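Engineer: Positions 453 to 573 (the working numbering) are the ones given, in order, by the sequence shown.
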Amino acid sequence: MRTLLGREPSLWLGLVAVLVKMATAFGLDVSSEQQAVVNALAAALVGLILAVMAHDGVGAAILGFVQAAIALAVGFGLDWSAERQAVVLSVAAAVVAMFDRTQVTAPVPAAAVKRPVRSVS
453 MRTLLGREPS LWLGLVAVLV KMATAFGLDV SSEQQAVVNA LAAALVGLIL AVMAHDGVGA
513 AILGFVQAAI ALAVGFGLDW SAERQAVVLS VAAAVVAMFD RTQVTAPVPA AAVKRPVRSV
573 S
């Protein structure tokens, strides 16, 4: 599964979204609500896969869920601009990052890192 997503899971989500839009443009009878559901499910699935790959990827699962919830809400009539959606996703990412920071330990203690000596003139 790791090789399937590689290092760019967001690119895969973008690909799914573009393929759904392209299929619709070329005649597939899919409503905007159905497009939102497909994109939301893709986002949730990628979030779940990342959570499993990371073995403790709660943050990825949360971000996938937030992205899926926004996509569903917009698909079912929420009138948010792309800018507003991006702000909400950014806040969610910042909150997750703050949580992750408390859960991660650096592989090398801070005392072991050599710092350059400053000369005082």
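Cβ atoms here follow ideal geometry from the backbone N, Cα and C, with glycine treated the same way. Since the model is a prediction, treat every value here as computed from it, not as a measurement.
Could you spell out where the alpha helix (DSSP H) holding residue 614 opens and where it closes?
Structural biologist: Outside the modelled stretch of the chain, which goes from 453 to 573, sits residue 614, for which no answer is possible.
Engineer: Within 10 Å of its beta-carbon, does residue 569 have 16 or more other beta-carbons around it, so buried, or fewer, so exposed?
Structural biologist: exposed
Engineer: Using CA atoms only, rank isn't needed, just tell me which of 523, 481 and 496 is closest to residue 513.
Structural biologist: 496
Engineer: If we count the other Cβ atoms within 10 Å of its Cβ and call it buried at 16 or more, is residue 488 buried or exposed?
Structural biologist: The residue in question, residue 488, is buried, as its Cβ has 16 or more Cβ neighbours within 10 Å.
Engineer: Between 511, 473, 482 and 475, which has its C-alpha nearest residue 550's C-alpha?
Structural biologist: 511
Engineer: How is residue 577 classed by DSSP in three states: helix, strand or coil?
Structural biologist: Examination of residue 577 is not possible in this model, given that the chain is present from 453 through 573 alone.
Engineer: Give the secondary structure of residue 517 by DSSP, where H, G and I count as helix, E and B as strand, and everything else as coil.
Structural biologist: Three-state result, residue 517: helix.
Engineer: Out of curiosity, what's the CA-to-CA distance linking residue 552 and residue 545?
Structural biologist: The straight-line gap from Cα to Cα measures roughly 10 Å.
Engineer: Are the Cβ atoms of residue 465 and residue 518 separated by less than 8 Å?
Structural biologist: no
Engineer: Beta carbon of residue 537, beta carbon of residue 548: below 8 Å?
Structural biologist: no
Engineer: I need the DSSP call for residue 528, collapsed to helix, strand or coil.
Structural biologist: coil
Engineer: Which term fits residue 502, buried or exposed, when burial requires 16 or more other beta carbons within 10 angstroms of its beta carbon?
Structural biologist: buried
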